[in-house]
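To keep things clear, I will list the structure first and then write my remarks on it.
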Amino acid sequence: MHQMLFANRHKIPPKKKNGDEPKMDSSVYLQLRNFLHNGELPQSVAERRNIKRMAPSFIVKDNRLFYTGPSRHYMRLVVFTVEEKMSVLKECHNNPAGNHNGVRSTRNRVIAGYYWATLNADVKEWVRSCHRCQLNERVKIVSPPVHPIQVKEPWEVLGLDFIGPLPETGRGNKYILTLIDLYTKWVIAEPFKFKTVTEVSGIITTNMYTFGMVRKIITDQENEFVNQLNDNIFSMLKIKHAVSSAHHPQTNGPDERTNQTVKRALRKFVNSNPDDWDLHLAAVVYGLNTTKEHSSRHTPYFLLFHRHPHLPAVLNACPMKDEFEVADPESDIKPAL
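The numbering of the sequence shown is the numbering used here, which starts it at 409 and goes up by one.
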């Protein structure tokens with residue numbers, strides 16, 4: 409089906425006045441690489457002039473052409489062939505870490521490491537023609553307005569919830585425990601077999617000693633199991649416990665929305681491989697944590713660690729760091745912190 413994606417040549421829009429990147433076809437890329445690599449220029453006077461004008465925005469390393477932009481602060485691998493473009497789109501959208509995200513998130517992943525003339529149009533068509541995305545199309549539900557509780561710093565307040573029971577995997581896992589940082593929207597999701605206080609307490613303790621202690625954990629209900637957690641692990645770690653309710657939706661809105669996102673992302677893999685969803689869980693969560701939030705316009709990863717994540721697709725495109733940075737498609741965004 410996706411072979412149709414590049415069957416027709418997309419029209420190349422004119423260069424915009426706001427400094428957008430130049431749009432070129434594959435023949436120009438080849439001419440640029442030949443010129444930058446060994447000084448060869450095409451015979452046409454117009455083509456020579458065009459190559460010399462474009463050359464300052466490109467470099468050649470290891471016989472590969474990279475777009476650097478006029479600032480030359482970052483580098484993006486120029487993709488030539490249809491097969492290479494399809495491979496990039498599959499890596500950034502179809503693989504578990506790509507989460508079968510929408511057009512904007514998929515584009516941001518592609519543009520962080522790659523460049524070609526019709527990139528925007530191709531990403532849009534790839535996502536909209538994705539069969540699995542169509543099967544799991546998001547159902548829009550009108551929810552009451554959510555007013556998040558005030559959180560001043562990362563890892564101060566977490567939302568805790570459970571997903572399941574899910575189809576049992578080959579390792580016996582049937583549930584997922586989610587811990588969501590309400591400040592950064594950082595997601596932790598751990599698979600487990602039995603919904604026991606001992607097993608859940610062990611997961612919470614491990615993450616507290618990994619990331620640090622929190623002041624408060626919010627759950628969406630108060631029952632005997634949650635009360636046992638409060639008496640057991642919350643009290644031992646000096647963590648305050650709060651319960652959200654239908655009368656106070658602001659205390660569970662961000663957590664519930666993220667849980668729905670996790671469920672939606674998992675469903676796309678659970679449906680085809682119900683016995684090994686737990687093997688995909690880490691990649692799916694990594695994809696969530698490295699996708700920009702619309703509210704902060706940063707990834708949870710960046711807000712928690714104060715650096716951009718290294719995405720597998722980008723490392724494959726640009727393995728050398730040198731003096732260049734990873735391309736940020738929204739580099740004009742001011743820090744949210």
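Just so it is clear, CB atoms sit at the ideal spot from N, CA and C, and this is done for glycine as well.
Judged by DSSP in its simplified three-state form, Pro-464 adopts helix. The beta-carbon distance between Arg-441 and Leu-485, rounded to whole angstroms, is 12 Å. This is too long to meet the 8 Å contact definition. No Cβ-Cβ contact shorter than 7 Å links Asp-686 with Thr-526. Scanning its chain for C-beta atoms nearer than 8 Å, with the 5 sequence neighbours on each side dropped, one finds around Thr-514 the residues Leu-497, Cys-500, His-501, Gly-506, Val-531, Trp-534, Val-535, in chain order. Contact check for Thr-618 against Leu-712 fails: the beta carbons are separated by 7 Å or more. As computed with DSSP, Arg-484 is found in a beta bridge with Tyr-475. Here Thr-606 carries a helix assignment [DSSP, helix/strand/coil].
Residue pairing of Ile-588 in beta bridges, as defined by DSSP: Gly-567, Val-595. Taking C-beta atoms as the reference points, Tyr-523 and Phe-488 fail to come closer than 7 Å. According to the DSSP secondary-structure assignment, Thr-627 is paired through a beta bridge with Leu-568, Val-651.
Put simply, the segment 667-676 does not touch the segment 474-484. Fewer than three CB pairs are less than 8 Å apart. Nearest to Glu-598 by alpha-carbon distance, out of Leu-568, Arg-623, Ile-625, is Leu-568.
Nearest in C-alpha terms to Val-595, of all of Asn-679, Gln-636, Leu-696, Leu-645, is Leu-696. Here Leu-719 is buried. Its C-beta has 16 or more other C-beta atoms within 10 Å. Tyr-475 and Met-462 have their alpha carbons spaced roughly 10 Å apart.
Collapsing the DSSP output to three states places Lys-560 in coil. Thr-699 sits buried, since 16 or more C-beta atoms from the chains shown fall within 10 Å of its C-beta. Distance from the CA of Val-608 to the CA of Leu-585, rounded to the nearest whole angstrom, comes to 8 Å.
DSSP places Lys-646 in the coil class of the three-state scheme, outside both helix and strand.
Residue environment analysis places Ser-435 among the exposed positions, since fewer than 16 neighbouring C-beta atoms fall within 10 angstroms of its C-beta.
Taking 8 Å as the upper bound for CB-CB distance, Val-692 and Pro-504 are in contact here, some 5 Å apart. The straight-line gap separating the alpha-carbon atoms of Arg-623 and Asn-615 is approximately 14 Å.
In this structure, DSSP gives Lys-700 a state outside helix and strand, which the three-state scheme calls coil. The three-state reading of DSSP puts Lys-601 in coil, since its state is none of H, G, I, E or B. With a beta-carbon spacing of about 5 Å, Leu-590 and Val-559 fall inside the 8 Å limit used to define contacts.
Within the model, the alpha-carbon separation for Leu-674 versus Leu-444 is close to 45 Å. Counting C-beta atoms within 10 angstroms of its own C-beta, Leu-637 has 16 or more neighbours from the protein chains shown and is therefore classed as buried.
The C-beta of Asp-683 has fewer than 16 other C-beta atoms within 10 Å across all chains shown, which makes the residue exposed.
Of the residues Met-483, Gln-439, Ser-465, the one whose Cα lies closest to the Cα of Ala-454 is Gln-439.
With contacts defined by Cβ atoms closer than 7 Å, Trp-563 and Gly-620 form a contacting pair. Around the CB of Asp-628, 16 or more other CB atoms lie within 10 Å, so the residue is classed as buried.
Taken atom to atom, the span from the alpha-carbon of Glu-448 to that of Asn-471 is near 14 Å. Closest option to Ser-495, judged by alpha-carbon separation, among Val-518, Asn-509, Arg-512, Val-511: Val-518.
Judged by their CB atoms, Asn-635 and Val-605 are not nearer to each other than the 7 Å cut-off. When only Cα atoms are considered, Phe-633 and Lys-646 end up about 18 Å apart. In this structure, Cys-538 is the residue among Glu-492, Lys-493, Cys-538, Met-483 with its C-alpha nearest to the C-alpha of His-508.
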